[in-house]
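Just so we're on the same page, this note's numbering is the position in the sequence shown counted from 1, plus 16.
Notes follow the structure.
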Amino acid sequence: MKDFSEIKEQYKQKIEDVLDSEQLSEFWQKYLGKTGVISGLMKEMKSVPPEEKPSFGKAVNDVRVWAQELYQTKQAEIKERELERRYEKEAVDVTMPALRRAPANLHPISIIRQEMIDVFAGMGFEVYEGPEIEDDDHNFTRLNVLKDHPSRDMQDTFWLTEDLLLRTHTSPGQIRTMDREKPPIKVLVPGKVFRSDSDATHSPMFSQLEGLVVDKGITLCDLQGMLDQFVRQIFGESTKTRLRPSYFPFTEPSVEVDVSCFECGGKGCSLCKGTGWIEVLGGGVVNNKVLENCGIDPEEYSGIAFGIGIERITMLKYGIPHMGKFFENNRDFLEQFKA
Ligand code: PHE
17 MKDFSEIKEQ YKQKIEDVLD SEQLSEFWQK YLGKTGVISG LMKEMKSVPP
67 EEKPSFGKAV NDVRVWAQEL YQTKQAEIKE RELERRYEKE AVDVTMPALR
117 RAPANLHPIS IIRQEMIDVF AGMGFEVYEG PEIEDDDHNF TRLNVLKDHP
167 SRDMQDTFWL TEDLLLRTHT SPGQIRTMDR EKPPIKVLVP GKVFRSDSDA
217 THSPMFSQLE GLVVDKGITL CDLQGMLDQF VRQIFGESTK TRLRPSYFPF
267 TEPSVEVDVS CFECGGKGCS LCKGTGWIEV LGGGVVNNKV LENCGIDPEE
317 YSGIAFGIGI ERITMLKYGI PHMGKFFENN RDFLEQFKA
C-alpha cells in the first residue's frame, strides 16, 4: 500500500521555502491546483487493482487534507508577516515634530504699492485698473505719441499683433478714465507694464502707479504739492522734491521729479551718487491734445499726470540693489518684508 511518504516529504520541504504570497500562490498551483501533483495522484487510480481502489482513494484524500492543512497554516503565517511588514512601513511616528508652515507675507512690491495708494487715497484719489493688453490707440496715438516716435521702437514694445501690444506704461489708463468719466477726475492706475529691457535696474515686466487729475484750474503747482506730500509720507518728513524740465508727448510742460536723498539728507552719498538728489518719477501738465482726444475742452479744464515706478521706490526705500531680486522667489529675501 502506497503511503505517499516521498511526496509528503517533498511537500513539507517545499512549503518551508515559501516566503510570500506570490510564492504561496505558485506553490498552490504546483501541488494543490487542478493540474498539481496531488490531483495527479488520482490519475494513478486507473492502474490500481479494483479491490484496492477504495483504500487508494482514501489514502489520496488523506494526503490532500493533510496538505491543505499545512497550506492553510502557512497562508495564515504569511498573511500575518506581510501585515506586520506593512504596519512597519506605513508607521507614523507621532512623536516627530510637525512640519512648520511658514506664515505667508506680502511681496515687497505689493507692500509698497499699497502704501503708495494709501497716501494718494488720503488725497481723494480713486483706483482704476486697466487692461495689460492694450491697442496702439490707447497706449500711444491718443496719448499724442505719434507714429514715428522712438518710444514705439520695436526694441521697447512687445507687440502682439500689428495693433495690440503689452502696455508699455500705465498712461493708457488716463485715456480710459477720461473716456469713462467727466471731470472732476482724480484717479490712480496701478499695474504691470512691459518693456523689452533688462539690467540691474530694469526688468521686462515692472509696475507703475499712474496718477491723473483733471478739473478746472489745475496747474503744475498742484502736481508739486501732491508729490511733496507723497514723498514726505513714503521717505520721511524732511524729504523735499525738485522738478526738472523733461519731455513726454502726453504732458506739456513735462517734468522729472527728484527727491532729496533720504539717506544722507542731501550731503551726497553712494545712494544719490554724490548729487544729494534721486530721480523718482515723471509727470507734467496733461497735454491739451490729450484732453481733446478724450473730448475734454482744454479751455475749460486742465490736468496733471504722473507715473511712478513702484519697483524703483521699493528699491530705494529698502536699499535693494538689483531688480532681479523681486522676481527670483527667494524666500530668504522675501521674508524680510513684513507689512
Ligand atoms: N508714462 C511715463 C513713463 O512710463 C510716465 C509719465 C506718466 C509721465 C504721466 C508723465 C505723465 O515713463
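Idealized CB from N, CA, C, for every residue including glycine.
Identified DSSP bridge partners for residue i
| i | result |
| --- | --- |
| Ser262 | Ser270 |
| Gly292 | According to DSSP, which records beta bridges pairwise, Gly292 is partnered with nothing at all. |
| Glu226 | Val205 and Gly323 |
| Met221 | Phe210 |
| Gly299 | Val271 and Phe322 |
| Leu180 | Asp151 |
| Asp231 | Ser318 |
| Ser276 | Trp293 |
| Trp7 | Since the first residue shown for the chain is 17 and the last is 355, residue 7 is missing from the structure and cannot be characterised. |
Residue i classed as buried or exposed, judged by whether at least 16 other C-beta atoms fall within 10 angstroms
| i | result |
| --- | --- |
| Leu332 | buried |
| Asp169 | exposed |
| His154 | buried |
| Gln88 | exposed |
| Ser71 | exposed |
| Lys202 | buried |
| Gly233 | exposed |
| Ala83 | buried |
| Thr190 | Looking at the sequence provided, one finds Gln at residue 190 rather than Thr. Label assigned to Gln190: buried. |
| Ala137 | exposed |
| Asn415 | In this structure the chain extends from 17 to 355, so residue 415 is not present and cannot be described. |
| Val306 | buried |
| Gly319 | buried |
| Val108 | exposed |
| Ala321 | buried |
Contacts around residue i, its chain only, beta-carbon distance under 8 Å, and the 5 residues preceding and following it disregarded
| i | result |
| --- | --- |
| Gly323 | His185, Thr186, Ser187, Gln224, Leu225, Glu226, Gly227, Leu297, Gly298 and Gly299 |
| Pro269 | Leu236, Pro261, Gly300 and Val301 |
| Ile125 | Ser223, Ile326, Glu327, Thr330 and Phe342 |
| Val247 | Thr255, Lys256, Thr257, Val275 and Val296 |
| Phe251 | Val275, Phe278, Leu332 and Lys333 |
| Thr193 | Tyr144, Ile201, Val203, Val205 and Leu228 |
| Gly140 | Lys202 |
| Leu350 | Asn121, His123 and Pro124 |
| Pro147 | Arg183 |
Minimum Cβ-Cβ distance from residue i to chain B less than 8 Å
| i | result |
| --- | --- |
| Gly138 | Absent here is chain B; the protein component of the structure consists of one chain. |
Cβ neighbours of residue i in the same chain (closer than 7 Å, five flanking residues each side left out)
| i | result |
| --- | --- |
| Gly52 | Gln45 and Lys46 |
| Leu259 | Gln240, Val271 and Val273 |
| Glu295 | Glu272 and Asp274 |
| Arg80 | Ile54 |
| Ser37 | Ile94 and Glu98 |
| Ile149 | Leu176, Leu180 and Leu182 |
| Asp151 | Asp179 and Leu180 |
| Asp195 | Cys310 |
Simplified DSSP state of residue i, which is helix, strand or coil
| i | result |
| --- | --- |
| His165 | coil |
| Ala75 | helix |
| Asp348 | helix |
| Gly146 | coil |
| Thr255 | coil |
| Asp151 | strand |
| Leu236 | helix |
| Asp380 | This structure cannot settle anything about residue 380, because the visible part of the chain is limited to 17 through 355. |
| Asp215 | strand |
| Met331 | helix |
| Asp244 | helix |
| Arg309 | Looking at the sequence provided, one finds Asn at residue 309 rather than Arg. DSSP places Asn309 in helix when its eight states are reduced to three. |
| Gly52 | coil |
| Thr111 | coil |
| Glu25 | helix |
| Asn121 | coil |
| Lys354 | coil |
| Arg80 | helix |
| Val116 | According to the sequence provided, residue 116 is Arg. The question's Val does not apply to it. Looking at Arg116 - three-state DSSP - the assignment turns out to be coil, as it is neither helix nor strand. |
| Asp195 | helix |
| Ile250 | helix |
| Ser41 | helix |
| Thr186 | coil |
| Ile128 | helix |
| Leu5 | What is shown of the chain runs 17 to 355, which leaves residue 5 out entirely. |
| Met58 | helix |
| Asn304 | helix |
| Leu159 | helix |
Residues of its chain near residue i, where Cβ-Cβ distance is below 6 Å and the 5 sequence neighbours each way are ignored
| i | result |
| --- | --- |
| Ser219 | Met339 |
| Asn309 | Arg158 |
| Cys285 | Glu279 |
| Asp231 | Pro199 and Pro200 |
| Gly207 | Glu145 and Thr186 |
| Phe43 | Val34 |
| Glu67 | none |
| Glu142 | Val203 |
| Arg211 | Asp172 and Thr184 |
| Gly292 | Cys277, Gly282 and Gly284 |
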